[in-house]
Amino acid sequence: MPDDVSPAPNRYGPAAHRHTPQHPSPPIPGPSAIPSPSPPPSPFAPGPAAPAPERLRVVVADDNPVVRAGLGVLLSGRADIQVVAEAADGREAYEKTLEHRPDVVLLDVRMPGVDGISALPHLVGIAPVLMLTYSRESEIVHEALRLGAGGYLVHGEFTANQLVQAVRDTKDGRANFTVTAADALLAHMRHGTPPQRGPLPEGLGSALATAPAPPPPHTAEPSESLSQLQPVVGQSSLSGGSVSTPNRQQYGLSSREVEVMDLIASGMSNQQIAATCFISEKTVKNHINRIFTKLHSATRSEAIAHWLGTAPRNPGRQP
């Protein structure tokens, strides 16, 4: 090759030999870096927050402070239950119940002063009562149910969850019984007739036996002492009063109808009678209809008056 031959010129021209710039343009931001537009403000004002569900309010009556404290911790630890008051005897239980108007009262039987059986007739007129006690005698179980208790639990025969559910059930009118109480009711059914109402153990239920008759419920005030009140029906059955027993055989009631009529006279509702006798409410209503026919009565109060022998005699009509 001749020495004077020059290399061929670069076809891309002199610009092809220039260096790339030292400060490149910033990169275009990706989609993730672009801020999203904020939503337009709502033209409506925010609605009110949903109200918290009301808690089931409970009064605990027991003379043992350890039991009261334990029940308070157990029940108030549930989101839907609140212990609003505690009482150490029947009189205080009545005053606290009258003051707080709870959904359920947990009531012990053996307490100093006014015991649970004596206080029970007055408490059931204010709130449902669930017996919670160590007392397991069948006479006490029968008397508590006769006076209107909505259930009967014996300590040591239920779990914590069963107790909590029993409290909820009592508020809704459903009865709960532990094994001892259920056995007592079953024995009552098998016997076929109401048990003879003798004295209760240790004189229970007699704390108010000599007290005067209670005022009408709507006139009761929180300042009234429980010792001033006395159940109308319980006065003759617990104190052995001098009222003569009427001749009930003249009505021709069956043994089951006698049992139902006794429970009616004690003030029990149809639901309480059904729970006590282990029958349906429909069966209770059928019994009551037959009882009213045999007693020539149109209402509960009239039937009770005939049954207790307090109805005025009408010469023109058979009793």
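Take 12 as the starting number for the sequence shown in the working numbering and just add one per residue.
Don't be surprised by glycine CBs; every beta carbon is placed ideally from N, CA and C.
For M272, the enclosing alpha helix (DSSP H) stretches over residues S266 to A276.
A distance below 7 Å between beta-carbons, with the five flanking residues on each side excluded, links I302 to the following residues of its chain, in chain order: L264, E268, V271, M272 and A314. With a threshold of 16 other beta carbon atoms within 10 Å, E65 falls short and is exposed. Taking C-beta atoms as the reference points, A138 and D114 count as a pair closer than 8 Å.
Taking T304 as the centre and dropping the five residues before and after it, the same chain places no C-beta closer than 7 Å to its C-beta. Contact check for V70 and A98: beta-carbon distance about 7 Å, within the 8 Å limit, so the pair qualifies. For M142, the pairing in a beta bridge is given by DSSP as L118 and Y163. For R301, the enclosing alpha helix (DSSP H) starts and ends at E292 to K305. Listed in chain order, the non-local C-beta contacts of R147 below 6 Å within the same chain comprise V165 and T191, local neighbours out to five positions each way being set aside. When E110, I299, G101 and R311 are compared, the shortest CA-CA separation from D126 is found for G101. Assignment of V69 by DSSP, reduced to helix, strand and coil, places it in the strand class. For Q260, there is no enclosing beta strand (DSSP E), as DSSP gives it neither H nor E. Within the same chain, V70, A72, A98, V116, L118, A130 and L134 come within 7 Å of A104 by CB-CB distance, once the 5 residues on both sides are set aside. Counting only the Cα atoms, T294 lies some 20 Å from H307. Residue state for I128 is assigned as helix, using DSSP reduced to three classes. If you draw a straight line from the Cα of H153 to the Cα of S312, it comes to about 23 Å. In this structure, M142 lies away from D74, with their beta-carbon atoms at least 8 Å apart.
Of the residues R89, A80 and G159, the one whose Cα lies closest to the Cα of I128 is G159. Per the coordinates, the alpha-carbon of P132 lies some 9 Å from the alpha-carbon of A155. DSSP links V94 through a beta bridge to V69. The beta carbons of N172 and D180 sit no closer together than 8 Å. R157 places its beta carbon less than 8 Å from that of L274. Inter-residue distance for K296 and I284 is about 10 Å (C-alpha atoms, whole angstroms). If you compare the alpha carbons of T170, D183, E150 and A90 with that of G161, the shortest gap goes to D183.
Sixteen is the threshold: since fewer than 16 other Cβ atoms of the shown chains lie within 10 Å of the Cβ of A80, the residue is exposed.
Per DSSP, the unbroken alpha helix (DSSP H) holding R179 starts and ends at A171 to K182. Cβ atoms of E168 and T189 come within 8 Å of each other, at about 4 Å. Residues of the same chain with a CB within less than 6 Å of the CB of L215, apart from the 5 flanking positions on each side, are D126 and I128 in chain order. T170 is classed as exposed because its beta carbon has fewer than 16 other beta carbons within 10 Å across all chains shown.
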